[in-house]
């Protein structure tokens, strides 16, 4: 009976621990691209995984960093453990206290502190900084694994070896090392696992173009995880699981000597051969992928763009045609992008902010003037869009429009009763827990200000307080604040209403025909995302070549087909064959709709802080 | 000493395929110092743990004061155990350790503090009340473990190689202390050891065990002077064990030479084992001996000389206060009363000689 | 000669000491510096005082509450679990312990994200509950989901130190307590529990600190509706662009971390509880 309860309890815990893992494995066989829907069984993601260079690159970066940091941490940590062991207690205690810091300190503090250090010494964030950070938090694990073994080793054997004429180094490797080897190897494994699983510290110390699996996944969270990622995780997990099973199922010590000999062979296979093979794959793969993503030497351009905002093939074409290598990095909101440019820790070459943010960057003198001679294809962009851009870039000196659109409500026709034409539905009690709001300050406030009949560029404290009050009132009705996830959740019928960018609406309609998009009658936001070049760009000409390439009609058309966001490129619009799409009211809304809309403008740092404060009050309420 | 306090009936126990105790029978009398003696792995500790209730037997019964206690939990048994590695509670002071059992039983605090004082005095540790176990030496910890057990006034005290971890001098002191305790407290001791000298010094009764079987039960004198088989003879003290032939009653042929002896009832021309203690081998001039040999080895041992004598292809171990230099031709004589004749063992098991730890 | 050798040995710790100064101590000093200055490098306590604003206090309070609840749940779940694991024989137990480390080979973010799938309105759990005609579970995007995520992610960090300490308790010490008359509850309360305190303390800090400062779990399972102090700090660095306030708030966090380090130093002198 007791045994039964024990087993039952153990199984319950295992269900808790492993149900997400089973879920992920199931998702890796899901034929549908979105997480929200089961589209039948497939193994295609496993095939496409190996063609997906982004993911494979992230995998190898992860493995190489895990391996290198664990390896270096093991060497430094083992030496340190031996040294510390030889110290007086009064010296040892403070050193061990320092050693404990990275283990006990919150990851977020460790990550931030390292980032501040790297930025302060002008060490540009990238692969090396991640490696240093990982070594830093790995060393304590090694020290704490090795120390207990060192305490257990018999001092006499080491001294006996010296007595018999061995040199200290020889004596160490022949006598002490075998004794502490289990500690060293478990320290290494632990460090490797920790490095592999780390997200937070990497998040703060990484630079452009370098992604580990964790940061890649985090970047993808908002716009939906690529199914290949599930396939990869499944492969990783299953191979580790198999390895463990084989090691543990090898014959136990109790059995006779013949078997023991056999076991020795097996141990040899698993202790030596498997790690050696792993190493070979790592290095081989590293070299292979390292070659294709070589960051040094070649001409390059560092692009900082919104998530899922460009057809990856466009990048390949650009690299092919110009020989300039693209380092591609994504952001989720203007507010996330801005501090990165401002701090200058990373020298991006070309960035795609929205209207008001461009204004802010111009005012803060962060942008370089464009040389139109290098961007002849700018003529493809419709005149109206340049005129519209003057709101934030008065001389059209700094920016070239890339995409534009409106903000509106996406709703599920089967889940709403009345026709939707007003922002007021977002405050309707009957849609409690069925509303998805945008998780960005300006969008959330913009929607509310418009609903109240104010300008979405309001800086009037009373108006803003009123908006804040309304947003707090709305909070219990909101299912979640999301950005790109609106798309997946609406497709998966998770909610009835969502605030969304017009470009996403077209894609969602393809996936779920019950969805409809509307620009509410109170008016809304019309926005333009444009390409700009930061002042500290090191490859300005490459950046201009890149912008020029994107302005080519066929390329802009390719992008439009992929991301479905309205293009300001008139030449590209002419190339659209599907008449319905060409004249889609969502992609290219009628004039009267647009007249009700406003563009965001930059309100000054102080008002920005005010918006941020109010938004935090909403979020923390 | 007649009444049985504990009766162990047909106890068997195995761990996996390994049979540790095989149908074992034994009784323990009131106020007896009984020692379970044997090489490691002979089952003596397992037997003790079955008595304590930490293991349960596969078959058989443990009868305590006439009642079967097989299924009685350890905390309900009127036995207390002193564990091999003391098993002190490291998070408690010495006084708290000793008070543990009494507090559980709900004794008054004045009773408890009296008992602690008394027990610490008994084991010569007055004033150690507030020390922590870690700060004590092995011998001191051992005595605390004993004090912790005896304050509960158990009917029986089970001791599992309690002196194993101590050095020689301390061990001897503790042996006397245990004997004193037993006499003062009048409780029954069941003592497990692999050290034959310890067993001979302290016990009223010795139970020699090997491979799950009892080899011999008897007083220390019986066990030493009249081992019932080669295993016991070899395990208890040093001895010359010789394959021999019982020619007839009172005559045994050893190494091809007839020796008169006093044993009868083995039948005629039966193979037997003869045991002769080294101190019973008398070295005489060659003409006076039953056998002739040459001294091959000589060591001074303090109270006596230890010599090896080669005679008829056998190396005799001899203890004598007389010294014969190496190379001396000597005669060997053994008094008929000092030859112990034993049956050849029937099974291989009984012959197996364990290796000391 | 012997002393000289000892000094050589101590020199082996040199690289690590340099490393820890460069990458542990100086970075911490950087946080202190940023936390106590404004953007034009003048001394201020305003950044730290930011913790007292309504919304930050709320975020801190909620973080404290949720991480406290999660820690308690972890402890309640982990202790019996560690005891069960201890009762397995040695060969099996190393395997069982690995089972708890194994999930770490599946990315932490993906694992947490998978709970979204499980808990969503039309998610796996609710589908099963529906099929069984049971009331559905609507905890996604609520604090309960965050607690679940914390418990799920940090449970192994509670189990392993407790397991470590429990498995080191000499079986005979437990037997001795029984032998002296203690029943199983008394044995547990007076012997096993006090002896496992180092593991419990170590487990508590290893769960509480990361739970208190997390921003990922609240992000993924709270639908961005619930702001914990970790989210506030992360946003100051990654969105709000005020590194000074972020550092000031981090300094406040470090108070809790220092408390836990002090606890460990007090109860876990031998380092029994730490490590795996």
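Chains as they are written, first to last, in the UniProt record's numbering: chain A, 1 to 621; chain B, 1 to 357; chain C, 1 to 276. Each residue gets a CB set at the ideal place from its N, CA and C atoms; glycine is no exception.
When the Cα of residue i is compared with those of the options, which residue comes out closest?
i             : options                       : result
residue 264/C : 540/A, 97/A and 442/A         : 97/A
residue 523/A : 110/A, 349/A, 421/A and 552/A : 421/A
residue 171/C : 238/C, 83/C and 39/C          : 83/C
residue 319/A : 299/A, 465/A and 309/A        : 299/A
residue 234/C : 225/C, 224/C and 246/C        : 246/C
residue 206/A : 314/A, 604/A, 330/A and 611/A : 330/A
residue 159/C : 262/C, 77/C and 148/C         : 77/C
residue 198/A : 432/A, 218/A and 387/A        : 218/A
residue 54/A  : 558/A, 447/A and 210/A        : 210/A
residue 153/A : 561/A, 417/A, 498/A and 82/A  : 82/A
residue 137/B : 94/B, 313/B and 3/B           : 94/B
residue 242/A : 113/C, 117/C, 255/C and 99/C  : 99/C
residue 280/B : 298/B, 17/B, 241/B and 173/B  : 241/B
So, does the CB of residue i fall closer than 8 Å to a CB anywhere in chain C?
i             : result
residue 21/A  : yes
residue 333/A : yes
residue 306/A : no
residue 657/A : Residue coverage of chain A in this structure runs from 1 to 621, which leaves residue 657/A outside it and unanswerable.
residue 75/B  : yes
residue 230/B : no
Which residues bound the beta strand (DSSP E) around residue i?
i             : result
residue 635/A : Missing from the structure shown is residue 635/A; chain A here goes from 1 to 621 and no further.
residue 326/A : 325-331
residue 275/B : 270-276
residue 317/B : 314-320
residue 405/A : 400-412
residue 10/B  : 4-15
Please report whether the beta-carbon of residue i lies at a distance below 8 Å from any beta-carbon of chain B.
i             : result
residue 194/C : yes
residue 173/C : yes
residue 182/C : yes
Can you list the residues of chain C that residue i reaches, using a CB-CB cut of under 8 Å?
i             : result
residue 132/A : 23
The alpha helix (DSSP H) spanning residue i covers which residue range?
i             : result
residue 203/A : 200-205
residue 164/C : 143-168
residue 83/A  : 53-85
residue 173/B : 168-185
residue 220/A : 213-221
residue 525/A : It is not in any alpha helix (DSSP H) - residue 525/A carries neither H nor E in the DSSP assignment.
residue 48/C  : 46-49
If we define contact as Cβ-Cβ less than 8 Å, is residue i a contact residue for chain A?
i             : result
residue 178/C : no
residue 233/C : yes
residue 48/C  : no
residue 130/C : no
residue 158/C : no
residue 69/C  : no
Please list, in chain order, the chain A residues whose beta carbon lies closer than 8 Å to that of residue i.
i             : result
residue 246/C : 112
Going along chain C in order, which residues have a C-beta closer than 9 Å to the C-beta of residue i?
i             : result
residue 148/B : 176 and 180
Applying a beta-carbon distance threshold of less than 7 Å, which residues of chain C neighbour residue i?
i            : result
residue 45/B : Residues of chain C passing the Cβ test: none, with the nearest at roughly 11 Å.
I want to verify the contact list: residues of chain B whose CB lies under 8 Å from the CB of residue i, in sequence order.
i             : result
residue 185/C : Neighbours of residue 185/C on chain B: none; closest Cβ ~11 Å, over 8 Å.
Whose Cβ in chain A lies nearer than 7 Å to the Cβ of residue i?
i             : result
residue 205/C : 104
Give the residues of chain B in contact with residue i, contact being defined as C-beta atoms less than 7 Å apart.
i             : result
residue 191/C : 89
Report the neighbours of residue i on chain A: residues whose CB is nearer than 9 Å to its CB, in chain order.
i             : result
residue 122/C : 36, 492, 493 and 494
Quick check: the stretch 16-31 of chain A against the stretch 168-181 of chain A, are at least 3 beta-carbon pairs closer than 8 Å? no
Check whether the stretch 491-504 of chain A touches the stretch 109-126 of chain C, counting contact only when three or more Cβ pairs, one atom from each stretch, lie closer than 8 Å. yes
If the cut-off is 8 Å on Cβ atoms, which residues from the stretch 102-113 of chain C count as contacting chain E, listed in chain order? Although the question refers to chain E, the structure presented lacks it and instead comprises the protein chains A, B and C.
For the 8 Å Cβ check, are there 3 or more pairs between the stretch 328-344 of chain B and the stretch 279-293 of chain B? yes
Looking at C-beta atoms only, is the number of pairs between the stretch 79-89 of chain B and the stretch 135-148 of chain B that lie closer than 8 Å three or more? yes
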